[in-house]
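Data block below; observations after.
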Amino acid sequence: MGGFIQIIEMQTSRFDEVEALGKEIRARLDDGSPSSPLRGTITADRDRPGVYLNIVEFDSYEAAMENSSRPETGEFAARLAKLCDAPPKFYNLDVREVWEPTARG
Numbered sequence: 098m099g100g101f102i103q104i105i106e107m108q109t110s111r112f113d114e115v116e117a118l119g120k121e122i123r124a125r126l127d128d129g130s131p132s133s134p135l136r137g138t139i140t141a142d143r144d145r146p147g148v149y150l151n152i153v154e155f156d157s158y159e160a161a162m163e164n165s166s167r168p169e170t171g172e173f174a175a176r177l178a179k180l181c182d183a184p185p186k187f188y189n190l191d192v193r194e195v196w197e198p199t200a201r202g
């Protein structure tokens, strides 16, 4: 099984600005490059108000690292850090298995 997921955990009281920044960077990175993310999911932690997780899926670790080396990504990370109340945390995860229920009606 291949694939790679990066999770960015952030604590912010300025989520609307973070969301706008995310939309801006997605528009700039959505160029069909093999290193572009496959998809992303932004979540809010119900148990920790003000904590959000951005879950970004890539074809591979190599694609994610290539994406990370793009100037736009570095600019995004710097701007994101300024909008957060604490430094963002990054989790780099190799996909081991993907499952979906089969008995869903």
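By this note's numbering, the letter at position 1 of the sequence shown is numbered 98, and the numbering carries on one by one without gaps. Each residue gets a CB set at the ideal place from its N, CA and C atoms; glycine is no exception. Computed from a predicted structure; not experimentally measured.
request  = State the Cα-Cα distance for the pair Glu-53 and Arg-176, rounded to the nearest angstrom.
outcome  = This structure does not reach residue 53, given that the chain is present from 98 up to 202, and the question cannot be answered.
ask   = Would you report the Cα separation of Trp-196 and Thr-170, rounded to the nearest angstrom?
value = The straight-line gap separating the alpha-carbon atoms of Trp-196 and Thr-170 is approximately 30 Å.
request  = Kindly indicate which three-state DSSP category Asp-182 falls into: helix, strand or coil?
outcome  = Here Asp-182 carries a coil assignment [DSSP, helix/strand/coil].
ask   = Are at least three pairs of beta-carbons, each pair with one atom in the stretch 100 to 108 and one in the stretch 152 to 164, less than 8 Å apart?
value = Yes, the stretch 100 to 108 touches the stretch 152 to 164.
query = What residues are listed by DSSP as bridge partners for Glu-154?
reply = In the DSSP secondary-structure assignment, Glu-154 is bridged to Ile-102, Arg-136.
ask   = Anyone know if the C-beta pair for Leu-180 and Leu-118 falls short of 8 Å?
value = Contact: yes.
inquiry  = Out of Gly-129, Asp-191, Gly-147, which one is the CA nearest neighbour of Asp-182?
reply    = Comparing Cα positions, the closest option is Gly-147.
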